[in-house]
Every structure is written in C-alpha cells, then in structure tokens.
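J.: First the structure, then my questions, so here it is.
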Amino acid sequence: LTFNGDTAAANALDDYEEGTWSPTVTFGGGSTGMNLSGSSGYYVKIGRLVNVGGTIIFTDKGSSTGAAEVKSLPFTIGNNDGATSAEGGGVFTYFANMAVDRTAWYLRGSNNSTAADISYIRSGGHTAIEGATNTDFTATTTIRFIMTYQT
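Just so you know, we're using the numbering used here here: the sequence shown kicks off at 628 and counts up by one.
Here is the structure:
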C-alpha cells in the first residue's frame, strides 16, 4: 500500500499484524514464587510501530526483590534515537492494591530489549519519576497498561 503516488519501497505500508501475547512481571529480574491468576495482552504492529496492551493479576507477588519490569513484549524495542535508550513508553490505565502514595504509573522501554521498566510519580508535590520495586506491589495487585514503541 502506498500513498500519494509514492512508489519507494521504504515508504510502503507492507507490514500489518495483530495478535496476543503473555506479559510477565519481574522484580530484579526474578519471579521466584510469583503466581498470577491472569496475564493477557494484545498488540497491533503497523510497519515498525507497535502498540501493546495488557492485564496482569497477581495472587502472590513472590519473594524476588528489586526493580519492577514488564517483560516478554512481543517485539524487540529498536534503537532508533541516539540521544536516549528510552525508546518507548506507556501508562497504567488501571491499577489496584499498589503503593498508596503513587499518583501515576509509567512504562519505559529500553532499546534492544523486550522489557519495560515500571516507574511512578509520588503524591505530595513530588515531580521526579522514580523506579518501582517489589515493595510497590502486593500479593493482590492488578495492573492494566498500554505502551507504544518502534522495532
């Protein structure tokens, strides 16, 4: 599919895909003892642009500690911006049973990976984005999210 008479192969819309994926969460790269009652995701890929969404429902967050990440993205995040390694981003559209003084939750994807760091902004006038850890989650946390990135 080309537009406005453009015949250059590089500008053709020749890649469209929809599908499902199974998002996971890790703390410090681990998921020891973690149990989920639900993990579902969907994606739409148009050319190099990927839009993903998902839901993760915990029944036990396990004993792993450290930085929180959503893993198993359906496509590897590209290395498209030489000024940063943060190559994609998203937000939680719903969250329950998480740390109480967080006002917004974010996903920040790094290039050449299939993972996104989970970050947040605290209430009370804080303006810096901080990295989430296992302590921000409970045994019954539920998250829903969307994210966009390029391959």
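Just so it is clear, CB atoms sit at the ideal spot from N, CA and C, and this is done for glycine as well.
(1) Using the DSSP secondary-structure output, state which residues sit across from ASP687 in a beta bridge.
(2) Please state the DSSP three-state secondary structure of ASN678.
(3) Leaving out five residues before and five after ILE745 in sequence, what residues of the same chain have Cβ atoms less than 6 Å from its Cβ?
(4) Do the region 733–741 and the region 664–671 make contact, defined as three or more Cβ pairs closer than 8 Å?
(5) Relative to the C-alpha of TYR747, which residue among TYR721, THR659 and ARG729 is closest?
(6) Is the CB of GLY693 under 7 Å away from at least one CB in chain E?
(7) How is THR762 classed by DSSP in three states: helix, strand or coil?
(8) Hey, out of ALA637, PHE630, LEU700 and ASP633, whose CA is closest to THR653's CA?
T.: Short version:
(1) ASN662
(2) strand
(3) If we look at ILE745 and ignore the five residues flanking it on each side, its Cβ neighbours are ALA695 and ALA759.
(4) no
(5) The shortest C-alpha to C-alpha distance from TYR747 to any of TYR721, THR659 and ARG729 is the one to ARG729.
(6) The structure shown contains no chain E; it is built from a single protein chain.
(7) When secondary structure is reduced to three states using DSSP, THR762 falls in the helix class.
(8) LEU700
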